[in-house]
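Enquirer: My questions will all concern the structure given below.
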Amino acid sequence: MAQKQKRIELQPWQDPKAKPYIHLEGVSKEFRGTLAVDDVTLSIFQGEFFSLLGPSGCGKTTILRMLAGLEMPTTGKIYIDGVDVTHRPAYDRPVNMMFQSYALFPHMTVEQNVAFGLKQERIPKLEIQERVKQALKLVQMDKLGTRQPHQLSGGQRQRVALARSLVKRPKLLLLDEPLAALDKRLREQTQFELVSIQEEVGITFILVTHDQEEAMTMSSRLGIMDHGRMRQIGTPNEIYEYPHSEYVADFIGSINKFEGRVVEDETDHILVESEEAGCELYVSHSADVPVGSQVKVAIRPEKIMIAMTPPEQKRNATKGIVKDIGYLGDVSIYHVELKSGKIVLATQPNIVRLAERPVTWDDQVYLFWRAENSIVLTA
Amino acid sequence: MNKVLRKVQSSFTSPFWAIIVPYGWLLLFFLIPFLIVLKISFSDLKLGLPPYSPLTEWVEQGVLVIKLNFTNYSFIGTDALYLFTYLDSLIIAIIGTLGCLCIGYPMAYGIAKTDPPLRIVLLMMVILPFWTSFLLRVYAWIGILSPHGFLNTALIKIGLITTPLTLIDTTFATILGIIYCYLPFMILPLFASLEKIDHSLVEAAYDLGARPFQAFLRVIWPLSMPGVIAGSMLVLIPAVGEFVIPELLGGSQTLMIGKVIWNEFFTNRDWPVASALAVLMLIFLIIPIAIFQRLQERQVRFLDAD
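Chains A and H supply the protein sequences, listed in that same order. The numbering of the first sequence is numbering that gives the first Met the number 0, which starts it at 0 and goes up by one. The numbering of the second sequence is numbering that gives the first Met the number 0, which starts it at 0 and goes up by one.
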């Protein structure tokens, strides 16, 4: 029972009684006749680390800017902590933003940059000093307070920008591609730091990124956007394992898709006949589609098993020729060509060394997977 | 052959040539004339051509005597008129510069905020007056400001006034003329520095709770400081020595240093005193500007250190 209680606390979106902290109601934004954001409704809960993910131009940054008050929605309403802030200007919102370019004031020192927002609130000088010190300590920049932005490295600037937006203790922190300017190593390290800082300060974070890996590692939930519309909202696990649409399935990670015709659709399973796959596809969930309609069944490469001998199962099992092996160190990606000409990707961990592997180029292999691991894509 | 050609070519494209041309120009047309003026300022008034005595004189075998005459400078010191004229010129120039700044800043800001196609048109319109002669434009103001000029006629027609206002031949007209003529020199450097300001900095200021005016005061203004200084210098320095505008629009009411120098040269034919005045004006201009620039630099750096 206690276990269950905790679960809901960590996943407030599962609790129908939970009140959303940030709420967008049918928000649209039009720029000179083009719809940048198209009727987005979104609820985010207190303490969440939410990511908006999508290709450039999908409207994710516009949503962020509307939350910050830098852009006003054409239609729809925005609530923060129950208060309608739709038409409030940026300087009057309990929201702070970390800009993609960091936007540090070049004519001020690190300390002055961080103190800027506090000075606007007319907070006593001593308290400002104290809070600036704390904020810089949080991001490990307390030693460089007297430097000017141009004397800092990219990673250091990013920390100062974070400190500056956190020091005002906003109800919501917006991060616009915060790690895009950092190199890969620093980015990975900073991802974890950001998450731990978020847990420490307990502020709700909304992050915009086009980097799916970044969104997956950091967020409690993410929203996948495309052409101004919200395609799917869910935990990283839900998005990866149960994408609703082909778009979402393709966007996160790689996936194999087989076209086929629905033969059976029961409450506990669906059976799809697929010439492309060369076998019957059995998926252990219902898709609510009429028998006879065309659907796509998707399976992630790492869920596919490879064998030299035929498996016992007849459904979800096919065979092909190994055309290519991509060696990535920890895993290898096998490109297997089926009889239909379809190339299937299958990932295998390199448990044994390359030279000792049984499967090699031009071998005939059997591919098979478990019924609960495949998904039916209806959209 | 080719090698030689390439060598010649590369020597022409080297930075040395890029520097030597403007510096040669300055040496030829600024430093040498200035040295001549400096020389004349130390000589004696003499009837004849040129109307001043030489500085150097050969006495007996191989003895060269250099005679420096400081009476021109001491003469300027004894007559308070010169000091007042200098101060008046400075005050008029400063008011004119501030006027240019007040009008030019919003204009430059507006131009910097418009989108490129329209922006080019607006910039062209700022430069457009240069296509007409400077003298002609100043004369045009006589037509506007004179007792029966456009402005007075219009005001009388509307019924705002019954008798014409005295506009021409006043210090006001001089200041107006300076503001009008030097406005583009203020707008262009201001535009250049305002356009460079990253808009996300202004958005960051809003985001951190700054109202538009606060954001202007603490972000836009300090970041545009280089443009403000450059524009102010470009207006102030020539405005102090301005001759045409006070001559045509200021009448006898305004006595500016440029006019006094002109009088000394052409009316009194006292070249040495005129030269001494010119040298003093330069010194009096350079010292406060150097101090001002120093202070500004420091201020920009520590603007937010309060």
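Here a beta-carbon is modelled for each residue, glycine too, at the ideal position from N, C-alpha and C.
Based on Cα-Cα distance, which residue from H:Tyr104, H:Tyr51, H:Ser40 lies nearest to phenylalanine 190 (chain H)?
Expert: The option with the nearest alpha carbon to phenylalanine 190 (chain H) is H:Tyr104.
Enquirer: Hey, how far is the Cα of valine 296 (chain A) from the Cα of serine 42 (chain A)?
Expert: Going from the Cα of valine 296 (chain A) to the Cα of serine 42 (chain A) covers about 30 Å.
Enquirer: Where does glycine 68 (chain A) sit, in a helix, a strand or coil, going by DSSP?
Expert: The answer is coil: DSSP assigns glycine 68 (chain A) none of H, G, I, E or B.
Enquirer: Excluding five sequence neighbours on each side, which residues of the same chain lie with their C-beta closer than 7 Å to the C-beta of glutamine 45 (chain A)?
Expert: Answer for glutamine 45 (chain A): Tyr20, Thr203, listed in chain order.
Enquirer: Comparing the C-beta of leucine 207 (chain H) with each C-beta of chain A, is any distance below 7 Å?
Expert: It does: the Cβ of leucine 207 (chain H) has a partner Cβ on chain A nearer than 7 Å.
Enquirer: Figure out for me which residue from A:Leu337, A:Ser339, A:Lys322, A:Lys338 has the closest Cα to the Cα of serine 331 (chain A).
Expert: Nearest option by C-alpha distance: A:Lys322.
Enquirer: Using CA coordinates, which residue listed in A:Arg156, A:Glu29, A:Thr40, A:Gly53 is at the minimum distance from methionine 70 (chain A)?
Expert: Residue identity differs from the one stated: residue 70 (chain A) is glutamate in this sequence, not methionine. If we check each option's Cα against that of glutamate 70 (chain A), A:Glu29 comes out closest.
Enquirer: Measure from the C-beta of histidine 106 (chain A) to each C-beta in chain H and report whether the shortest distance is under 7 Å.
Expert: Judged by the 7 Å Cβ criterion, histidine 106 (chain A) is in contact with chain H.
Enquirer: Using a Cβ-Cβ cut-off of less than 7 Å, give me the residues of the region 108-124 of chain A that come near chain H, in sequence order.
Expert: Hits within the stretch, in order: Gln111, Phe115, Gly116, Gln119, Glu120.
Enquirer: So if I threshold CB-CB distances at 7 Å, which residues from the region 273-297 of chain H count as touching chain A?
Expert: Answer in chain order: no residues at all.
Enquirer: Please report how far the alpha carbon of arginine 268 (chain H) lies from the alpha carbon of glycine 47 (chain H), in whole angstroms.
Expert: Using only the alpha carbons, I get a separation of about 10 Å.
Enquirer: Can you tell me the Cβ-Cβ gap for alanine 276 (chain A) and tyrosine 365 (chain A), rounded? I've got them flagged as a contact below 8 Å.
Expert: The pair is not a contact, with the Cβ atoms about 13 Å apart (cut-off 8 Å).
Enquirer: Quick one, which of H:Ile256, H:Asp43, H:Pro188 has its alpha-carbon nearest leucine 54 (chain H)'s?
Expert: Nearest of H:Ile256, H:Asp43, H:Pro188 to leucine 54 (chain H), Cα basis: H:Asp43.
Enquirer: At which residues does the beta strand (DSSP E) containing histidine 198 (chain H) begin and terminate?
Expert: Histidine 198 (chain H) -> not in any beta strand (DSSP E); alpha helix (DSSP H) instead, spanning 198-206.
Enquirer: Rounded to the nearest angstrom, how far is the Cβ of alanine 160 (chain A) from that of phenylalanine 98 (chain A), given a contact under 8 Å?
Expert: Right, their Cβ atoms sit about 7 Å apart.
Enquirer: Would you say proline 221 (chain H) reaches chain A, if we count a Cβ-Cβ gap shorter than 7 Å as a contact?
Expert: Closer than 7 Å to some Cβ of chain A, the Cβ of proline 221 (chain H) qualifies, so yes.
Enquirer: How many angstroms separate the CA atom of leucine 34 (chain H) from the CA atom of proline 177 (chain A)?
Expert: Each residue's alpha carbon lies about 60 Å from the other.
Enquirer: Going along chain H, which residues have a C-beta under 8 Å from alanine 102 (chain A)?
Expert: Per Cβ cutoff of 8 Å: Asp197, Ser199, Leu200, Glu202, Ala203.
Enquirer: Can the beta-carbon of valine 207 (chain A) be found less than 7 Å from the beta-carbon of lysine 59 (chain A)?
Expert: Contact: yes.
Enquirer: Mind listing which residues of the region 24-41 of chain A have their C-beta closer than 9 Å to chain H's C-betas, in chain order?
Expert: The residues in question: there are none.
Enquirer: Any residues in the region 58-84 of chain A with a beta carbon nearer than 8 Å to a beta carbon of chain H? Which ones, in chain order?
Expert: Answer in chain order: Ala67, Gly68, Leu69.
Enquirer: Going along the chain, which residues of its own chain have a beta-carbon closer than 7 Å to the beta-carbon of leucine 302 (chain H), five neighbours each way excluded?
Expert: Legend: pLDDT at leucine 302 (chain H) = 46, less than 50; position of this residue unreliable, value from coordinates given subsequently. Answer for leucine 302 (chain H): Pro221, listed in chain order.
Enquirer: Which complete alpha helix (DSSP H) runs does the region 153-209 of chain A hold, if anything under 4 residues is left out?
Expert: As far as the region 153-209 of chain A is concerned, its whole alpha helix (DSSP H) runs of at least 4 residues are 153-165, 183-200.
Enquirer: Skipping 5 residues on each side, what residues in its chain have a beta carbon closer than 6 Å to that of alanine 67 (chain A)?
Expert: Cβ within range, chain order: Ala89, Val94, Met96, Leu173.
Enquirer: Which residues in chain H have a C-beta closer than 8 Å to the C-beta of tyrosine 365 (chain A)? List them in chain order.
Expert: Simply none; closest approach about 56 Å.
Enquirer: Within a Cβ cutoff of 6 Å, which residues of the same chain sit near isoleucine 232 (chain A), ignoring the five residues on either side of it in sequence?
Expert: Gly222.
Enquirer: From what residue to what residue does the alpha helix (DSSP H) around glutamine 363 (chain A) run?
Expert: Per DSSP, glutamine 363 (chain A) belongs to no alpha helix (DSSP H); it is in the beta strand (DSSP E), 363-367.
Enquirer: Please confirm whether arginine 118 (chain H) has its beta-carbon closer than 7 Å to some beta-carbon of chain A.
Expert: It does not: the Cβ of arginine 118 (chain H) has no partner Cβ on chain A nearer than 7 Å.
Enquirer: Nearest-angstrom Cα distance between valine 227 (chain H) and serine 192 (chain H)?
Expert: Going by the C-alpha atoms only, they are around 8 Å apart.
Enquirer: Which same chain residues, not among the five before or five after alanine 180 (chain A), have their C-beta less than 6 Å away from its C-beta?
Expert: Taken in chain order, the residues that qualify are Gly153.
Enquirer: As an exercise, report each continuous beta strand (DSSP E) stretch of at least 3 residues that is fully enclosed by the region 221-256 of chain A, in chain order.
Expert: The region 221-256 of chain A contains these whole beta strand (DSSP E) runs: 228-233.
Enquirer: In the DSSP output, which residue or residues are listed as bridge partners for methionine 97 (chain A)?
Expert: Paired residues: A:Leu174.
Enquirer: Is valine 278 (chain H) near leucine 37 (chain H), with beta carbons less than 7 Å apart?
Expert: For valine 278 (chain H) and leucine 37 (chain H), yes; Cβs fall inside 7 Å.
Enquirer: Name, please, each residue of chain A whose Cβ falls closer than 7 Å to the Cβ of glutamine 213 (chain H).
Expert: Under the 7 Å cutoff, chain A gives Gln119.
Enquirer: Taking only runs that begin and end inside the region 16-80 of chain A, name each unbroken alpha helix (DSSP H) of 4 or more residues, in chain order.
Expert: Complete alpha helix (DSSP H) runs here, min 4: 59-67.
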